[in-house]
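Position one of the sequence shown corresponds to residue 432 (the working numbering), numbered consecutively onward. What follows is a short report on a single structure.
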Amino acid sequence: MKKAIFGIFVVSMFALASCGGNKDEQQSALDSLNQALDQAVQDLNTQVDSLNATMDTTATQPAQ
Numbered sequence: 432m433k434k435a436i437f438g439i440f441v442v443s444m445f446a447l448a449s450c451g452g453n454k455d456e457q458q459s460a461l462d463s464l465n466q467a468l469d470q471a472v473q474d475l476n477t478q479v480d481s482l483n484a485t486m487d488t489t490a491t492q493p494a495q
């Protein structure tokens with residue numbers, strides 16, 4: 432999943448960089464995209480950590 436997000440990030444960077452326009456606007460767009468993707472990765476990591484904790488708890492409880 433992280434590889435997919437990284438792939439989207441790289442493709443988006445190239446797409447934005449290839450667009451004509453003001454360099455400041457391009458940099459601002461790239462910065463915004465980078466921040467959004469960083470937040471998405473943090474959210475994904477939090478969800479994965481939570482899921483792993485749930486799975487660990489479920490796996491270690493005795494059968495009833």
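C-beta atoms are modelled at their ideal positions from N, C-alpha and C, and glycine is treated no differently.
Alpha carbon of residue i to alpha carbon of residue j, nearest angstrom
{"i": "aspartate 462", "j": "threonine 477", "result": "22 Å"}
{"i": "threonine 488", "j": "glycine 438", "result": "33 Å"}
{"i": "serine 481", "j": "aspartate 474", "result": "11 Å"}
{"i": "leucine 464", "j": "lysine 434", "result": "16 Å"}
{"i": "glutamate 456", "j": "valine 479", "result": "34 Å"}
{"i": "methionine 486", "j": "isoleucine 436", "result": "24 Å"}
{"i": "glutamine 458", "j": "asparagine 483", "result": "37 Å"}
{"i": "alanine 460", "j": "valine 472", "result": "18 Å"}
Quiz item: At a cut of 8 Å, does the stretch 434-445 reach the stretch 464-477 through at least three beta carbon pairs?
Solution: Inter-segment contact for the stretch 434-445 and the stretch 464-477 is present: three or more beta-carbon pairs are separated by less than 8 Å.
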